[in-house]
Amino acid sequence: MKILIVEDEQELAKSIAAYLSSNDFVCEVVNSYKLGLEKVSIYNYDCVLLDLSLPDGNGIEILSHLKEIHKTEGIIIISAKETLDNRIECFQKGADDYLTKPFHLSELLVRIQALIRRKNFQGSNVIKFNEISIDLLAKSTQVNEKEIDLTKKEFELLLFLIGNNNKVLSKSAIAEHLSGDMADMLDNHDFIYAHIKNLKKKLNDSNCTDYIKTVYGLGYKWQND
Amino acid sequence: MVWDINGKMTKKLLQRTLRNYIVFSFIVLIVSAPLFYFFTENLYLKDADETLYLRRNEFVKFTMPTMKKSDISIWNKISKDGKIINFKNSHTNNKLFFATEYDHYTKENEPYHVLESKILIDNEKYTLVLRVNLIESEDLIISVFLLFSVILILLLTGLFIITKKLSSNLWKPFYDTLNQIEQFEIDKHKIPYFSESKIEEFHRLNDALSKLIENNIIIFKSQREFVENAAHELQTPLAIFQSTIDNLIQNPTISQDQSELLAQLNDSVSRLNRLNKNLLLLSKIDGNQYNSNELVFFHRTIEKQLEFFTEQAKSRNITINYSIQETIPLKANPVLIEILISNLFLNAIKHNHQDGFIAIELVNNSLIFSNSGQTKKLDTAKLFQRFSKINPSTHGNGLGLAIIKKISDINNWSITYDFAKNSHFFTIKF
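As given, the protein sequences belong to chains S and P, one line each in that order.
Note that my numbering has the first sequence beginning at 5, numbered continuously upward.
Note that my numbering has the second sequence beginning at 7, numbered continuously upward.
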């Protein structure tokens, strides 16, 4: 899948590209408004990551342009600007999602996956990982064709882990994903442990392979050995 | 009379002026009243003497030559204030003196001025006693006193009215200016307007104040913008920092030691993020970016967050008691109310101990968060200030309570802290 990153901060763009590339994404990076406009006019992408404050123009104009030429790329705004007006303006002009800097790359990844799923939605919306299948609409999980009962948080956690397959997820990244806006406040990520433990137990009980690995000190990893 | 904040008595300008006027008038009147009295009495006595001499001269000139010895008794009978008595031997021809006589009619001792002079009737020596009834000193003093009292009252009333008029007219621009400055708050968006004054001093005062306020607003604004800009500018490097760590921890070759270091880095960048977000939030509230209000039900906001924070509390076995008795909506910004509630929750959890408790009450137009924690009262002086950490060991950034206070302030609610029965109470009164 093809992703265009329009971001003037080279290091950030490189980091994003590095993280996404190892998850079957092909990333192209441009660092100016002009180049971004050129790229989206010529090529088709599955998703465009768009920074708003570019040195030679406002990213919002690229949004407007995409709409004018009737392109249906999924667009995620990545911006340091965090005002309600700004968000509303972007959504009105056709953005699909809005991430405020700084963000975790794991969060960005699952947002992109969700966006692409929504765009390519054809009747069913099921994620499959070996013996696990997750129905996003029914919010149900099956292991080996057998339904397992997960809480809302465990369900979200499972999706987040599978989405970041083979990636080490820091506790803060998981905490922020699970608690949304409230995570800004948290300085204690101990509650993650309880959720991981419960999820692990439920998966084990239904004879699922133990994919969740603890990475010492750092966090957890969904690993398909 | 007004008592100022330091407990010192302050007086109004008018009172101060009037007091001086009153003191001065009193002194003048007190000094001048006896003078006036002596002067009047002197004048009066002189006049009385003159009358006596005139009457004697008239007697000597007109009555005496035709008077017979036999007429004396008749004359004595008809003349009230004159008597002819047998000659009293005295060294001088005329003798003036004071005398008092009991008056049966008025039942008072009446003062008289008496003149005794030697006269000749039928070539025999007699003494003519002429007297003049004097005003009693007492009466004179009372009159003078009454007169001066009337003058004093008139004078003071006049002074009071004139001063009051002057003060309200002359000092009106001053009081206008005073009112304006009293209402001025630098973080509010209302700049005081001073009315034009034709009096040079007031004009200067207004000019100076306008300049002072203008400069302060500029400094205040630039300071606020600086915080906002700084927080904003930090977001991009933080994003790079964060994403670099996110990538770095993917490296399969990192050792256990390295991963511990990375975990520390990760914690630090999370703290930096929180700190920055809170700073940004404070400067946004200052910058009036949360000014759209709607009806908010507090209990709904609390209940929405209750699940999340109950989960947070569970890891330290803290119980949360929640009781509502009021479900009145308040006009406020819903985003800020969410932030307010979550900060209160977080504060109650963060400064709690293992197996502690949190109680939330919504009663009597107040929201009360109480929690167990350290067993002594917190330092209230610094509690709500930015970056004043209550407990240095926690990873809080010292902005939580400042944010709570700020949100209360902009909604004109009061926030108070209390410590009782080993519980810390934070009460917001709407």
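Here a beta-carbon is modelled for each residue, glycine too, at the ideal position from N, C-alpha and C.
Neighbourhood of leucine 286/P in chain S, by CB distance below 8 Å: Glu86, in chain order.
In this structure, isoleucine 81/S places its C-beta atom within 8 Å of the C-beta atom of alanine 99/S. With contact defined as three or more Cβ pairs closer than 8 Å, the region 102-119 of chain P and the region 133-144 of chain P are in contact.
Spatial neighbours of glutamate 11/S in its own chain (CB-CB distance under 6 Å, excluding positions within 5 residues in sequence) are listed in chain order as Ala17, Asp55. What threonine 325/P touches in chain S, judged by beta-carbon distance under 9 Å, is nothing: the nearest beta carbon there is about 16 Å away. Any Cβ of chain S closer than 8 Å to the Cβ of aspartate 385/P would place that residue at the interface, and such an atom is absent. Restricting attention to Glu332/P, Leu384/P, Phe314/P, the CA atom closest to the CA of leucine 373/P is found in Glu332/P.
Distance from the CA atom of glutamate 202/P to the CA atom of isoleucine 434/P, rounded to whole angstroms, is 42 Å.
Secondary structure of isoleucine 64/S (DSSP, three-state): helix. Chain-order list of chain P residues neighbouring isoleucine 20/S: Ser249, by C-beta distance under 7 Å. Nearest CB-CB separation between valine 34/S and chain P: not below the 8 Å threshold.
Interface annotation, tyrosine 102/S: not in contact with chain P, CB-CB separation never under 8 Å. Within the region 78-131 of chain S, the complete alpha helix (DSSP H) segments of 4 residues or longer fall at 88-96, 109-123, listed in chain order. The way I'd put it, the region 405-412 of chain P does touch the region 271-288 of chain P; three or more beta-carbon pairs between them come closer than 8 Å.
For glutamate 144/P, the closest of Leu172/P, Trp419/P, Glu47/P, Ala426/P by C-alpha to C-alpha distance is Glu47/P. When the five nearest sequence neighbours on each side are left out, the beta carbons in the same chain lying within less than 6 Å of the beta carbon of isoleucine 196/S are those of Lys175, Ile178, Ala179, in order along the chain.
Not a single CB atom of chain P sits nearer than 8 Å to the CB of leucine 162/S.
Comparing C-alpha distances from lysine 427/P to each of Ser378/P, Ile413/P, Ser348/P, Asp415/P shows the shortest one belongs to Ser378/P. Within the region 198-212 of chain S, Ala198 place their CB atoms closer than 8 Å to a CB of chain P, listed in sequence order.
When C-alpha distances from leucine 24/S are compared across His181/S, Gly167/S, Thr218/S, Asp214/S, the shortest belongs to Gly167/S.
Isoleucine 79/S places its beta carbon 8 Å or farther from that of isoleucine 7/S. For glutamine 146/S, the beta-bridge partners assigned by DSSP are Ser137/S, Glu151/S. DSSP places phenylalanine 103/P inside the beta strand (DSSP E), whose first and last residues are 100-109.
Flagged as an interface residue toward chain S: threonine 242/P, by a C-beta distance shorter than 8 Å. Between the region 42-54 of chain S and the region 130-144 of chain S, the count of Cβ pairs shorter than 8 Å is below three; the stretches do not touch. The Cβ atoms of phenylalanine 432/P and phenylalanine 375/P lie closer than 8 Å to each other. Closest in alpha carbon position to serine 149/P, among Phe44/P, Glu309/P, Gln256/P, Asn26/P, is Phe44/P. Nearest to alanine 142/S by alpha-carbon distance, out of Asn148/S, Asn134/S, Phe133/S, Phe159/S, is Phe159/S. Apart from sequence neighbours up to five positions away, the residues of its chain that approach serine 414/P with a beta-carbon distance below 6 Å are Ile421, Ile434, ordered along the chain.
Contact between leucine 384/P and histidine 430/P holds, with the beta-carbon distance rounding to 7 Å and staying under 8 Å. Taking a contact as a CB-CB distance under 8 Å, the pair isoleucine 255/P and leucine 222/S counts as one, their CB atoms being some 5 Å apart. With respect to asparagine 253/P, serine 110/S sits apart: the two C-beta atoms are not nearer than 8 Å. Looking from the CA of tyrosine 132/P, the closest CA among Lys170/P, Phe65/P, Leu153/P belongs to Phe65/P. Taking the Cα positions, leucine 136/P is about 57 Å away from arginine 22/P. From the beta-carbon of asparagine 279/P, the residues of chain S found nearer than 7 Å are Pro106.
The C-beta distance from glutamate 93/S to isoleucine 64/S rounds to 7 Å, short enough to meet the 8 Å contact threshold.
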